[in-house]
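J.: Chains as they are written, first to last, in this note's numbering: chain A, 686 to 911; chain B, 26 to 125. Each residue gets a CB set at the ideal place from its N, CA and C atoms; glycine is no exception. For clarity, every value in this text was computed on a predicted model and none was experimentally measured.
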């Protein structure tokens, strides 16, 4: 047991596989940068990634949806750590973290997605193993190790690259970052001496439908995340 | 770099090679060069990219092809209809399976 988990794969094997993932990241680094994907840190088989949404760096939101004056306002809409221990016998573990401290935290956005015409949220508040919010998608350890998905084994998907750094980042980006199109600001004045209350929330929706002037169901991430 | 042939050329169809376009399809993070003819279906581009990336036999409908901006490209249309141009980079990932 290492740090509370069994060591099932020789770390050098996982390191070699992660190194290949990082090499592939470098080959697409320009595109990823334009998408707002920032590689923050690589250490001890863990990769920290921040994803920035803004009118300037996210290619699709309506112009000036988020801005300070005429300048875009970059927002770290998702920041997470992928843990590649025991990869790829296990898929990587995804933990949402604070981009500055690196500590686990709730993300500022939800993960709404259309599933056969129904909007569902892939961000679940508490994993039974960790108590932390997790992204309930294939290719992520928290999904495959969840009791409700014991019949959807990781090894069924390992070969298709579901757990690759690029595939996971692509899903986080589409579910939690690309669909950010604005900020809802609520100001509430209170009788003195109580201070004025300011509430900021990120708004998410189907960006492509917005561009086509279609009706969009909007998701507003609650304060404090999950 | 290996020689590229469009799916139409591989089927033995008479396709002027100077009409083909060169794409890069990033399959689960791995870039694969793919040559395509404007008249061939996008699904053939997907099949080629899957084969070249070692995912031969995987049904294309289980994969999503997207532009750099993340817009889904329908596999039913032709390369021309999809507006694909030489030099474009596309992203092919397994269709997301989510709980929640």
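#1: What are the start and end residues of the alpha helix (DSSP H) that includes residue 827/A?
#2: Taking Cβ positions only, does residue 700/A come closer than 8 Å to chain B?
#3: Give me the Cα-Cα distance between residue 694/A and residue 701/A, rounded to the nearest whole angstrom.
#4: Under 8 Å between beta-carbons, which chain A residues line up against residue 99/B? List them in chain order, please.
#5: At least one CB of chain A closer than 8 Å to the CB of residue 106/B: is that the case?
#6: Are there three or more Cβ pairs, one per stretch, closer than 8 Å when the region 885 to 894 of chain A is compared with the region 770 to 780 of chain A?
#7: Taking only beta-carbon positions, decide if residue 93/B is within less than 8 Å of chain A.
#8: What alpha helix (DSSP H) runs, 4 residues minimum, are completely inside the region 850 to 893 of chain A?
#9: Are the beta-carbon atoms belonging to residue 85/B and residue 100/B less than 8 Å from one another?
#10: Suppose you measure from the CA of residue 61/B to the CA of residue 95/B; what does that come to, to the nearest Å?
#11: Which class does residue 733/A belong to by DSSP, given the choice of helix, strand or coil?
#12: With distances taken Cα to Cα, identify the nearest neighbour of residue 68/B among 114/B, 89/B, 121/B.
#13: Could you list which residues in chain B have their beta carbon closer than 7 Å to that of residue 855/A, in chain order?
#14: Within the continuous beta strand (DSSP E) that includes residue 768/A, where are the two ends?
#15: Cβ of residue 121/B less than 8 Å from any chain A Cβ?
#16: Leaving out five residues before and five after residue 774/A in sequence, what residues of the same chain have Cβ atoms less than 6 Å from its Cβ?
T.: On the basis of the coordinates in this document:
#1: Within the first chain, residue 827/A is the residue found at index 142, counting from 1. 826 to 829 is the span of the alpha helix (DSSP H), which, as asked, contains residue 827/A.
#2: On the first chain, position 15 is the one that residue 700/A refers to. By this cut-off, residue 700/A is not an interface position.
#3: Within the first chain, the letter at position 9 stands for residue 694/A. Within the first chain, the letter at position 16 stands for residue 701/A. Those two C-alpha atoms are separated by around 12 Å.
#4: The sequence position of residue 99/B within the second chain is 74, counting from 1. Those within 8 Å of residue 99/B in chain A number zero; the least Cβ separation is about 12 Å.
#5: Here residue 106/B is taken as the residue at index 81 of the second chain, counted from 1. Taking Cβ atoms only, chain A never reaches closer than 8 Å to residue 106/B, which makes this a no.
#6: In short, these stretches do not touch, since the Cβ pair count stays below three.
#7: Residue numbering aside, residue 93/B sits at position 68 when the second chain is read from its first letter. Yes, residue 93/B counts as interfacial toward chain A.
#8: Runs found: 850 to 857.
#9: Locating residue 85/B in the second chain gives position 60, counting from the first residue. Locating residue 100/B in the second chain gives position 75, counting from the first residue. Going by C-beta atoms, residue 85/B is nearer than 8 Å to residue 100/B.
#10: Taking the second chain and counting its residues from 1, the one referred to as residue 61/B is at position 36. Taking the second chain and counting its residues from 1, the one referred to as residue 95/B is at position 70. The straight-line gap from Cα to Cα measures roughly 21 Å.
#11: On the first chain, position 48 is the one that residue 733/A refers to. Note: residue 733/A maps to strand in three-state DSSP.
#12: Walking along the second chain from the start, residue 68/B turns up at place 43. Residue 89/B is the option with its Cα nearest to residue 68/B.
#13: Here the question's residue 855/A lines up with position 170 in the first chain. Near residue 855/A (Cβ distances below 7 Å), the residues of chain B are 116, 118.
#14: Counting from one through the first chain, the residue named residue 768/A turns up at place 83. Run containing residue 768/A: 760 to 768, per the beta strand (DSSP E) assignment.
#15: Counting from 1 along the second chain, the entry for residue 121/B is found at position 96. Answer yes: the Cβ-Cβ gap between residue 121/B and chain A drops below 8 Å somewhere.
#16: As a working note, residue 774/A is residue 89 in the first chain. Counting only Cβ-Cβ distances below 6 Å, and skipping sequence neighbours, we find 693, 694.
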